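Numbering (this note's numbering), first residue to last: -6 to 303.
Positions of the beta carbon are idealized from the N, C-alpha and C atoms, including for glycine.
This structure is a prediction, so every number in the text was calculated from the model and none was measured.
Structure first, then comments.
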Ligand code: KIV
């Protein structure tokens, strides 16, 4: 059981986060980063991870529908619902001190009509506590983006490989390799910019194309598998940390091997439970020095003593 939570700013914070107070990252601040210091975006799905990623300096936390794969264990992102994005969003927002928090619009929450897109974007903002929303697509969703932006909700676009179209694409495949396909991705970027998107994720396209798009639009581009020429980068946190081992996309650099560390820590725990070396005396609460039956008899009717667990 978890005991009382110490207030933010107490000794639970590391010295790193105490010494480097960060300024809240807003949509205008993200837009102002066009062509400037690259934007570091990463996915997050829960409070603890959001706290750590925020402390690590991430500018943007995305509650991506990738949670369908890395949290829920599905083969793709299609089953994820608006309610699930909202549930994870509330947790991530509580963990994010400075990072901007974006909610992904899941499959079929926006494709049907601009009206439905607006209603679900509003739901993400109200029930997920998000600060902006992201949706997949280009020309075909430009009107939807316009309607959402007109309602005062900032929108991040997403072009190139669209994981919600995995079946139409025949798999998670690189996009824009041929001239005609590349021109289509560029048109998508322009349509999103005109519709009022404040940034665009470009997924799995050749780096030259991503760089050309970046040079052609006035809003920041955030690449994933799109080379270093974008205005920022995004990774799924479980890829970055080496925890998701079912798929390993070429572009997903693992900056740590926490998956191995978790397995090793669990093995050590299991072993200490089995040989009774855990819990040790330092993990155990002390009683006053009298026998347990006498203790029970003496305490009958008395209130439970107030022992702090943490
Ligand atoms: O759902 C997601 O995590 C995403 C990012 C990978 C861009 O869309």
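Non-local C-beta neighbours of residue 203 in its own chain, meaning closer than 6 angstroms and more than five positions away in sequence, comprise 195, 216, 219, 220, 222, 223, ordered along the chain. Pairing residue 233 with residue 226, the inter-Cα distance amounts to about 12 angstroms. In the three-state DSSP reduction, residue 116 falls in the helix class (H, G or I). Under the 10 Å beta carbon count, residue 30 is surrounded by fewer than 16 other beta carbons and is classified as exposed. Listed by position along the chain, the residues with Cβ atoms less than 7 angstroms from a non-hydrogen atom of ligand 1 are 36, 55, 57, 58, 59, 70, 97, 127, 151, 156, 194, 196, 217, 227, 229. In the three-state reduction of the DSSP assignment, residue 102 falls in the coil class. Put simply, the backbone Cα of residue 72 is about 22 angstroms away from that of residue 119. The three-state secondary structure of residue 67, taken from DSSP, is coil. When rounded, the separation of the alpha-carbon atoms in residue 124 and residue 150 is 14 angstroms. The DSSP-derived three-state label of residue 259 is helix.
In this structure, residue 34 and residue 60 do not form a Cβ contact; the two beta carbons are roughly 15 angstroms apart against a cut-off of 8 angstroms. Using a C-beta cut-off of 8 angstroms, the region 39 to 55 makes no contact with the region 133 to 141, since fewer than three inter-stretch Cβ pairs fall below that distance. Within 10 angstroms of the beta-carbon of residue 293 lie fewer than 16 other beta-carbons, which makes it exposed. Residue 80 and residue 178 have their C-alpha atoms spaced approximately 32 angstroms apart. Straight through space, the alpha carbons of residue 258 and residue 274 are spaced by roughly 20 angstroms. Of the residues assessed, residue 157 falls on the buried side of the cut-off, its CB having 16 or more other CB atoms within 10 angstroms. Uninterrupted alpha helix (DSSP H) stretches at least 4 residues long and entirely within the region 218 to 274 occur at 230 to 233, 251 to 267, given in chain order. Of the residues 53, 182, 66, the one whose Cα lies closest to the Cα of residue 237 is 66. DSSP places residue 36 within a strand segment (E or B) once states are collapsed to three. Residue range 75 to 88 is occupied by the alpha helix (DSSP H) that includes residue 76.
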